[in-house]
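Accompanying notes for the structure given below.
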Amino acid sequence: MIDIKKLRDNLEDIKIALKKRGYDLDESSFKSLDDSRKELQVDVEGLQAERKQLSSEFGKLKASGKDTSDLKKIIDEKNSDLENKDADLQEVLSKLNSLLLDMPNIPDDSVPIGSSEEDNKVISQHGEIKTNNTQDHLEITKKIDTELAAKLSGSRFAVLKGDLAKLQRSLISFMIDCAINNGYKEYYVPFMANEESLTGTGQLPKFEEDLFKASDKLYLIPTAEVPLTNLFRDEFLNEKDLPVKVTSHTPCFRSEAGSYGKDTRGLIRQHQFEKIELVQITHPSDSMNCLETLLNNACEILNKLELPYQIVELCSGDLGFSSAKTFDIEVWMPSQNKYREISSCSNFTDFQARRSNIKYKSKDGNNFVHTINGSGLAVGRCLIALIENNFDGKDTINIPSCLEQYFGSNEIKVN
RNA sequence: GGAGAGUUGGCUGAGUGGUCGAAAGCGCCUCCCUGCUAAGGAGGUAACUGGGCAACUGGUUCGAGGGUUCGAAUCCCUCACUCUCCGCCA
């Protein structure tokens, strides 16, 4: 959520900044709403103050045994006036609030301008593309079974068999251990979240169709970002404890509404996938540095897995709703002959902190923290990358040495 | 599933219709005292938000929402959550 005071004072600048990411701010409707808010609020609070005083007089009058009927008449009038004005005020406030909840974050000044994915900027490339394999992961191994999953559940699910299931479990442990070594505290969290939590991180109210709703009040989490960030909702943190670094492995559930026909084959885009999430709660002055650190923490995993990847800075038009600045990490997918996203590391500045009411105390008073997060990493896509990059062309997938202590072998037979 | 108790400031916890944003204690901050430390003494210490250039000055908030009342932390209703006991259960 954007700071409404900031919005009032810098309406033109913010309109221009939001334009960069394709959001058209209706400034006149904001201004007229805010103006009537001001007028109504002053009225309402004035009437409340009057009522307070009159009620106290009423009490005294009554205590002294005098007649209160005249005063009651006055109070009744004021009260009905107050009731009407307050109803108007509540309506205006609720409109203003919806407007703010639907506004995306302001892109950081450093974000490259652009309208779509096409305009994203490749920052760097790492590792060496070693294979000329063109088979995709489903062709390489029958240990991923999407037909069986279709019987159980439907499309966009997968069953992993035997040592491939174990490889996934090994990847999860490896990634979590990397995070812990980098100073993140591990959490086990609920995989369902309520409306407040999802509003706090920005999925609701605007993107409900992307979520699976489990009951009246609960949604399946689309990422561990939701529970991890909301651990701190409505909390004050000590300035000296920042940045707070937390991690969790969870399954993630996404409806993938609107992506019909896209990435329909294999593990690349599933309704359910495993992910390790890295979250940092930071001091506002430090958040961009922390984003660099978090990005490095995620890259370290690909370095150790010896998978080729590139770092991409998202342009203004491709930024997620809540993000002010995002770097994607894209891993090489031989069968697609291109790099595909395996992690997205973002600085949300105070956007989520405002929605979630996460603050720190300092000598200068209370202030909103900044939140940072990124995948470290998406496990399903990591599996694809390992299978396709490390297939020997015959019958074996080689397992990188960093996984051996978890997996217990340096290879998987494809059948 | 059954029965009961509870939810108040950073924490513990008092408070059954106006003088309560709220006693007391703890914690924290400032100062005093004391070779240092500890102990002791004095004062301060909720959040959110409006108006105003400012000095300053309003409003809201005692789990959430509604109701009663001139007036609600306090009375009534609904809901959420926490805890205890019983039953069941991985």
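Residues 5 to 419 in the numbering used here are what the first sequence lists, from first letter to last. All C-beta atoms in this analysis are idealised placements derived from N, C-alpha and C, irrespective of residue type, glycine included. In this text the structure is predicted, and so the values were computed from the model without any measurement.
The Cβ-Cβ distance between G206 and F325 falls below 7 Å.
Taking C-beta atoms as the reference points, T233 and T375 count as a pair closer than 7 Å. Per the C-alpha coordinates, the member of K35, K24, I176, I20 positioned closest to K9 is K35. Approximately 6 Å separates the beta-carbon atoms of V96 and L37; this is inside 8 Å, confirming the contact. With a beta-carbon spacing of about 18 Å, S263 and D140 fall beyond the 8 Å limit used to define contacts. Non-local beta-carbon contacts of S350 in its own chain, meaning distances under 6 Å to residues more than five positions away in sequence, involve S327, T330 in chain order.
Of I20, K89, I78, the smallest CA-CA separation from L44 is found for K89.
Shown here, Q409 sits in a helix according to DSSP, grouped into three states.
When secondary structure is reduced to three states using DSSP, L93 falls in the helix class. Taking the CA atoms as reference points, L215 sits about 35 Å from D13. Distance between L22 and K76, taken at the CA atoms: about 52 Å. Within the segment 268-315, the complete beta strand (DSSP E) segments of 3 residues or longer fall at 276-286, listed in chain order. The bridge partners DSSP lists for C256 are F277. Taking 7 Å as the cut-off, the Cβ atoms of G187 and K249 count as close. DSSP places S128 in the strand class (E or B) of the three-state scheme. Comparing alpha carbon positions, the residue from K210, V193, D245 closest to L224 is V193.
By the CB criterion at 7 Å, M5 and L104 fall inside the cutoff. For M196, the enclosing beta strand (DSSP E) has its first and last residue at 196-198. L168 and Y364 do not touch by the CB rule: their CB atoms are close to 44 Å apart, not below 8 Å. The shortest CA-to-CA distance from N371 to any of N377, N361, P255 is the one to N361. K417 is positioned such that its CB atom lies no closer than 7 Å to that of D396.
Counting the other CB atoms within 10 Å of its CB gives I388 a total of 16 or more, which places it among the buried residues. Apart from sequence neighbours up to five positions away, the residues of its chain that approach S174 with a beta-carbon distance below 6 Å are L407, Y410, F411, ordered along the chain. Per the Cβ contact rule, the segment 110-122 is not in contact with the segment 59-67 (fewer than 3 Cβ pairs under 8 Å). In the three-state scheme derived from DSSP, where H, G and I count as helix and E and B as strand, S326 is classed as coil. Excluding its 5 nearest sequence neighbours in each direction, D106 has C-beta neighbours in its own chain below 8 Å: P209, K210, listed in chain order.
Taking a 10 Å sphere around the C-beta of D368, we find fewer than 16 other C-beta atoms and assign the residue as exposed.
Taking a contact as a CB-CB distance under 8 Å, the pair G378 and I305 does not count as one, their CB atoms being some 11 Å apart. When C-alpha distances from N83 are compared across A67, S73, K56, the shortest belongs to K56.
Restricting attention to M179, G131, E345, K308, the CA atom closest to the CA of D267 is found in E345.
For R344, there is no enclosing alpha helix (DSSP H); the residue is part of the beta strand (DSSP E) that begins and ends at 342-351. Counting of Cβ neighbours within 10 angstroms places A67 among the exposed residues, the total staying below 16. With a cut-off of 8 Å on Cβ pairs, the segment 244-258 is not in contact with the segment 145-159, counting fewer than three such pairs. Distance from the Cα of L100 is smallest, within the candidate group T227, D39, D71, for D39. L86 has its alpha-carbon roughly 58 Å from the corresponding atom of I272.
Looking only at K19, Y191, K134, R41, the smallest Cα-Cα distance to N402 is reached by K134.
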